[in-house]
Amino acid sequence: MFFKHSTRWWAVLLLMVMAVIYQGPFQYSKAAESGEQIFKTRCAACHTIGKGRLVGPDLAGVTTRREESWLIRQIKEPDRLIAEKDPIVMQLLKESNNVPMVPLGLSDADVAAVISYLLSIEEQAVVSTGLPSQYLPTVIVSIMLLIVLTFTGLIVGRKKVDVR
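Take a look at the structure:
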């Protein structure tokens, strides 16, 4: 009797843990979706992602080349980095014919959303399984759920049979 009840509790607990884990991609994708809109309206006039240089540099792979703290400052206060003679900014300025990036007046949340968008683009590029990366969490959770249901069915469905 205890075994049946403890199995149910473990199954419920496991499902709750999976539900919490599964919420992560949705929150991340909402931030990335917001960041995509901000990028299209505020950044795309000067930058591309994987389509070559415009006025500013191509941002493909930027989150792997630069630290997040630097990216936050560059997006939020590019004029201060120029005033501080940041070596990366000075090189980028030289490559863009001394056309500086202007401060866009974005909030901290907007900057974080843009960085989430850039990260999501790079995650999609890294996944080379033939499966779009946005489906990967669904596939993983589905496999985990199938294993849990199989395990639960095997335990709960056990019957003692008298063989005569």
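Residues are numbered in the numbering used here as their position in the sequence shown, beginning at 1, plus a constant of 532.
Idealized CB from N, CA, C, for every residue including glycine.
Being a predicted model, the structure only gives us computed values, none of them experimental.
Inset, instruction - Would you check if the segment 668-682 and the segment 592-608 touch, i.e. whether three or more CB-CB distances between them fall below 8 Å? - result: no
Legend entry - DSSP three-state assignment for Arg690, whether helix, strand or coil: Counting from one through the sequence shown, the residue named residue 690 turns up at place 158. Coil at Arg690, not helix or strand.
Inset, instruction - Answer yes or no: the CB of Ala644 versus the heavy atoms of the ligand MN, is any distance below 7 Å? - result: Of the ligands one can find in the structure shown there are none, so the ligand MN has no counterpart to examine.
Inset, instruction - Label Ala645 either buried or exposed according to how many other C-beta atoms from any shown protein chain fall within 10 Å of its C-beta, with 16 as the threshold for buried. - result: For this step, residue 645 is matched to residue 113 along the sequence shown. By the 10 Å Cβ count, Ala645 comes out buried.
Inset, instruction - Following the continuous alpha helix (DSSP H) through Pro635, name the residue where it begins and the one where it ends. - result: On the sequence shown, residue 635 is found 103 positions in, with the first residue counted as 1. Looking at the DSSP string, Pro635 is not in any alpha helix (DSSP H), and its letter there is neither H nor E.
Inset, instruction - Note down, in chain order, each residue of its chain lying with its Cβ closer than 8 Å to the Cβ of Glu609, except the 5 sequence neighbours on either side. - result: Mapped onto the sequence shown, residue 609 falls at position 77. Hits under 8 Å: Pro635.
Inset, instruction - Return helix, strand or coil for Arg585, following the three-state DSSP convention. - result: Locating residue 585 in the sequence shown gives position 53, counting from the first residue. DSSP places Arg585 in coil when its eight states are reduced to three.
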